[in-house]
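With mature numbering (1 follows the signal peptide of the UniProt record, and there is no 0) applied, the sequence shown covers -33 to -1, 1 to 776. Here the structure comes first, spelled out in structure tokens, and everything after it is commentary.
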Amino acid sequence: MASPAFLHFLPRFGVAAAVAGALSLAGCQSWNAQDSLPPASGVQPLKGLAQNVSVRRNAVGVPLIESNSFHDALFTLGYVHASDRIGQMVTLRLLAQGRLAEMSGAEALDVDRLMRAVNLKKSADELYKASSPRIKRFFEVYARGVNAYLFRYRDKLPPDLAAHGYTPEYWKAEDSALIFCLLNFGQSANLLEEINTLVLAQKVGTDKLPWLTPSYPDEPLPLAEADKLKGLNLAIPGLGDVSQAANRLAQLNSLGLSGGSSLAIAPQRSRSGRSLLASDSQIAAWHYVQIRAPKYQAAGASIAGLPAILQGFNGKVAWSLSSVVGDNQDLFLEKLKRQGNSLYYQNNGKWQPVTVRNETYFVKGQRPIREAVYETRHGPLLNSVQGYALANGLGLALQTPELKDDRTLDAFFDLSRAQNAEKASDASREIRAIALNLVFADASNIGWQVTGRFPNRREGEGLLPSPGWDGRYDWDGYADPMLHPYDQDPPQGWIAIANQRVIPHGYGMQLSNSWYAPERAERMTALASSGKQDSRSLIALQYDQTSLFAAKLKTMFEAPGMAQPLKKAIEALPDAERAKAREAYSRLMAFDGKISAGSADAALYELFLQESARQIFLDKLGPESAAPWQAFIANGEQSYAAQADHLLGREDSPFWDDSRTPQKEDKPAILARSLAASITKGEQLLGSDRKSWQWGKLHSYRWTDDNGKAIRGPLQAGGDHNTLNAAPYHWGQDFTITATPALRFIVDFGLSEPLMGLNSSGQSGNPVSPNYANGIDGWLKAQYLSLPMQPQNFDRSYGKTRLTLVPGK
């Protein structure tokens, strides 16, 4: 895809789409796209197999791998992943290595520099070395399967790679650990927030900063966190470039932080008397697969590049992953000085030399570039790799958890083989290298475990950057895994996770301050507790478009201290504005909160959300093209937003006063203006017939290929950032959808075949494949396909046509 929309529509492209831009295949007439498509039937010899393996595909291309040994199954999984998603695999590997510029040219250098500083290779090496010989062998066998594909199709690569004229290197076992570390890095919640917050602090100062960085509706503003930055000169060398690179990285990493949900229903809440589990994920790179081997069977979601089914069903246990929005890395500000040719940083009153590591960038179409990366005791200086000569200023050091002696890769494999909820719980507690909400169920039990490795901070909460020269803010090891939140068979009969805060404030460990807003989880809880559940009710839940934030907004309008002042502020507006504000107020008070595509009142509601953000904040953070406003918009997408926080409370916020006027405004005055502005903006966008407005005319799904050519759409879309069927947009900027649920599955233990699922993106990243975009219709219509576990049902789901892979010479 040519625009950021690739992240949500046809997300299998991931980085490849973003960096492909508008490159055409001109001059490649000898290249035939159809040749890049591996066969789906017949016999294919592959060197490295021990015995024959069968690969069948269902109506949307989900592969069923049937093998007489697990090693041959893993080899075939590597081959199948590469067949379907080699572009995704190669570009994510280049992203993780900081080598995108080799394929895409200088435009990728800023992200490459950031990723070289982060040095995921070091983390991946630690993780791989700590894994058991068994897991290393699995990764090696999988890599041989990937390489069997690369060897056979080296001159017939799909368009996203062929357009660049890029020939991928062969896959190494360690590359899979690298992809896992990129997934982990993408799930680390607030690096981007911390960087953007420094940009905001430069604009508004530290006194006003806490109002822009709320943790949760019921938590106090982070005044102590902002105090860490008081008195510092935040004119940090290279901050703008680091911010730009980090925001671009967030767009490119299709394994990055995103919304999603997991719901487990206990037997007492189920119509069948057996458990249910539902998973809904916006991570853009999922790929369905099913494996059947003598000692292993599982079906579910994989990520091409990883030899594992990361979430799914194995016939006995179902398990689901979603983001816990955990904060397990910190930015430290470092005082720097240069003496001669050496750079020093301050540590508890003493000056110590930075360590230096040299990196060479091979840039397509240019000569190689050699640059230094500086590191302090906390980690790499992110702004040392942006071409700045750091001296007598502040550096930005990133500290991340070490992965030595970590058996996470083993634990994921054990989880996929668990035969009951107790074994799933045991395996989940050993997953330390990535922060996730892991929800699991067997027919009789449900459970939840927060995984990861979270630092013990001596002082501070990690929400904002800390002074690195002051040892008070250093890490002191990691939280005891026994303190990680978990639950099993709770009395209410359900576990509902939607990236919300999952621990009370003041809990015994620091998990995060960057939770998503609570409304999606609250809506899920309300639906889960209403009567008995089955797979149909869970499908309806996954497609639900009711926003509880709308009801909270009405409660705020009617609050004792707001109702009369707001009406008075509306009456004080000029005549034309007063009439608009009255209309908007009455319609919003009558709005039922259903964010359906055809609703006029939903359109008005979303226009009010958008215009209120601009009325409250733009005077102090604008103009719209400026870095502070862009940082503010980006942070609103990362966690619970200042936009929401101000609408529901914060009457004493300094942002209620419009700095462009001589008088002092208050919250009712700004809300009255926002009500009128929502009608004015709606008329500009949707016309003067306000009853004929439709939310979907502002907010639509669009699917495009790498070159921006339309595949499907625009199709009117309902929902927003607060609905279970999520369709968020840039709050304060525009209504372009920034993410949609890509992969959904439901496991209903009351059915003879419990697992059903769908994937909006299709299985293949190759445009000539019939499975390139064929998941869209099923996703739009909620047509879940069965993924059967019993062999007698395979023919019905997968047909009889098969590709037989045989040992080659």
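Just so you know, even glycine gets a beta-carbon here, dropped at the ideal spot from N, CA and C.
Between the region 321 to 334 and the region 385 to 402 there are fewer than three inter-stretch CB-CB distances shorter than 8 Å, so the stretches are not counted as touching. Assigned with DSSP and collapsed to three states, Pro681 falls in strand. The Cβ atoms of Leu94 and Asp373 sit closer than 7 Å to each other.
Put simply, the region 280 to 296 touches the region 398 to 415. At least three CB pairs are less than 8 Å apart.
Residue Leu176 holds the alpha-carbon nearest to the alpha-carbon of Asp194 among Leu206, Leu176, Ser210. Apart from the 5 residues on each side of it in sequence, Asn314 sits with its Cβ closer than 7 Å to the Cβ of Arg344, Trp436 in its chain, given in chain order. Here the region 631 to 643 makes no contact with the region 731 to 747; the two share fewer than three CB pairs at distances below 8 Å.
Going by C-alpha positions, Pro100 is about 27 Å away from Phe421. A Cβ-Cβ separation of about 12 Å leaves Gly616 out of contact with Gln610 under the 8 Å criterion.
Take Met523, set aside five residues on each side of it, and the residues of its chain with a beta-carbon closer than 8 Å to its own are Met529, Leu614, Leu615, Gly616, in chain order. Exposure of Ala539 is indicated by the presence of fewer than 16 other C-beta atoms within 10 angstroms of its C-beta.
In this structure Gly745 is in contact with Leu725, their Cβ atoms being roughly 5 Å apart against a cut-off of 8 Å.
Distance between Gly316 and Gly438, taken at the CA atoms: about 10 Å. Per the DSSP secondary-structure output, Tyr328 pairs in a beta bridge with Ile336.
Here the region 587 to 607 lies against the region 688 to 699, with 3 or more beta-carbon pairs under 8 Å apart. With distances taken between CA atoms, Leu303 lies nearest to Tyr341 out of Tyr341, Ala378, Gly675.
In the three-state scheme derived from DSSP, where H, G and I count as helix and E and B as strand, Glu632 is classed as coil. Across the set Gln218, Asp381, Asp441, Lys748, the C-alpha of Asp441 shows the shortest separation from the C-alpha of Leu298. Burial state of Glu486 is buried, judged by a 10 Å Cβ sphere holding 16 or more other Cβ atoms.
Within the same chain, and ignoring the five residues on either side of Gly680 in sequence, the residues whose Cβ sits closer than 7 Å to its Cβ are Ser667, Tyr668, Arg669, Trp670. When only Cα atoms are considered, Arg215 and Leu67 end up about 13 Å apart.
Where Pro774 is concerned, the enclosing beta strand (DSSP E) starts and stops at 770 to 774.
The Cβ-Cβ distance between Gly460 and Gln759 does not fall below 7 Å.
The three-state secondary structure of His345, taken from DSSP, is coil. When the Cα atoms are used, Val714 and Glu33 turn out to be separated by approximately 22 Å.
Here Lys317 carries a strand assignment [DSSP, helix/strand/coil]. Asp568 carries a helical assignment under DSSP once its states are collapsed to helix, strand and coil. Exposure of Thr134 is indicated by the presence of fewer than 16 other C-beta atoms within 10 angstroms of its C-beta. Distance from the CA atom of Ser502 to the CA atom of Ala285, rounded to whole angstroms, is 14 Å. For Asn423, the uninterrupted beta strand (DSSP E) segment begins and ends at 422 to 424. For Arg66, there is no enclosing beta strand (DSSP E), as DSSP marks it with neither H nor E. Assigned with DSSP and collapsed to three states, Phe702 falls in coil, not helix or strand.
If the five residues before and after Gly475 are omitted, its C-beta is found closer than 6 Å to the C-beta atoms of Leu450, all from its own chain and listed in chain order.
Separation of the CB atoms of Tyr183 and Tyr607 is rounded to 6 Å, and the pair is thereby assigned contact status at 8 Å.
Annotated as distal: Leu361 and Leu430, with beta-carbon spacing of 7 Å or more. The Cβ-Cβ distance between Ile398 and Thr418 falls below 7 Å.
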